[in-house]
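So for the sequence shown, our numbering puts the first residue at 432; every next one is plus one.
The beta-carbon is built from N, C-alpha and C at its ideal position, and this holds for glycine as well.
First comes the structure, then the notes that go with it.
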Amino acid sequence: MTQSIPAVDPQASIEDQLVALRTAYPGAEALLGSMRQELGAFGDMMQSAVPHWNTRLPGRDWTPAQEADHTILVNEAGGKVVRLLLSGKPLREVERQPGQTRGGKRVAPPFLEPGPDQPLEALLERHAATRTLLEVHAEPDATRTLYHPFMDDLDALDWLRMAAYQTRHHRLSIQAGLDRLNAGQK
């Protein structure tokens, strides 16, 4: 069962982007189901990328290995934020550094950029560990938020929505690149 998720326009207002995310993933239970589906599909896609694992994807800056590494880095960081927000521990103010865009696309900050190509097995292990961080139930809670560089203050539920969407976005981007490589395009 593949659900249709509309693209979230990074050029739209933060309010419009949040509406799009909340429409795509309307509640905690639906989001949890979508998260499981997306993380499973991402792992499957990683396995299918083996023939082109270290080949730069057409129209992209990274190889499947690097794109997977980036996605996992984002999910690791976002999952830790979610766990902190759900923990009840005191929150401290974080630096509010807005995210950068280039050509209408969001640019990963240096700590979320992938390193050199990593072996599939290492990334599959890290990806599996993100499931523990992200496959959790969260309800809206405007009293417990942390700053997101592209989306402003988000609660745990909205951070999870971002993770599900981001995982899907990169999975589809990698798959489109693999389809082009498999068709003989460079």
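{"Check": "Pairs of beta-carbons, one from the region 576–593 and one from the region 506–516, closer than 8 Å: are there three or more?", "Outcome": "yes"}
{"Check": "Is it buried or exposed for residue 433, if we count other Cβ within 10 angstroms and need 16 for buried?", "Outcome": "For residue 433, the predicted model reports a pLDDT of 46, less than 50, meaning its position is unreliable; a value from the coordinates is still stated below. It counts as exposed."}
{"Check": "Ignoring anything shorter than 4 residues or poking outside the region 556–615, list the alpha helix (DSSP H) runs there in chain order.", "Outcome": "587–613"}
{"Check": "For residue 531, which beta-bridge partners are listed by DSSP?", "Outcome": "538"}
{"Check": "Please specify which runs of the alpha helix (DSSP H), each continuous and at least 4 residues long, are wholly inside the region 495–527, giving them in chain order.", "Outcome": "495–518"}
{"Check": "Skipping 5 residues on each side, what residues in its chain have a beta carbon closer than 6 Å to that of residue 504?", "Outcome": "543"}
{"Check": "Is residue 433 helix, strand or coil by DSSP?", "Outcome": "A caution first: residue 433 carries a pLDDT of 46, below 50, which makes its placement in the model unreliable, though a value can still be read off. Looking at residue 433 - three-state DSSP - the assignment turns out to be coil, as it is neither helix nor strand."}
{"Check": "Over the uninterrupted alpha helix (DSSP H) stretch that includes residue 444, give me the two end residues.", "Outcome": "Run containing residue 444: none; DSSP gives neither H nor E here."}
{"Check": "With DSSP collapsed to three states, give me the class of residue 464.", "Outcome": "helix"}
{"Check": "Compute the distance between the beta-carbons of residue 608 and residue 537, then report whether it is under 7 Å.", "Outcome": "no"}
{"Check": "Does the distance from the C-beta atom of residue 499 to that of residue 485 stay below 7 Å?", "Outcome": "no"}
{"Check": "Between residue 513 and residue 587, is the Cβ-Cβ spacing less than 7 Å?", "Outcome": "yes"}
{"Check": "Can you tell me whether residue 558 is buried or exposed, with buried defined as 16 or more other CB within 10 angstroms of its CB?", "Outcome": "buried"}
{"Check": "Label residue 545 either buried or exposed according to how many other C-beta atoms from any shown protein chain fall within 10 Å of its C-beta, with 16 as the threshold for buried.", "Outcome": "buried"}
{"Check": "Which class does residue 451 belong to by DSSP, given the choice of helix, strand or coil?", "Outcome": "helix"}
{"Check": "I need the DSSP call for residue 459, collapsed to helix, strand or coil.", "Outcome": "helix"}
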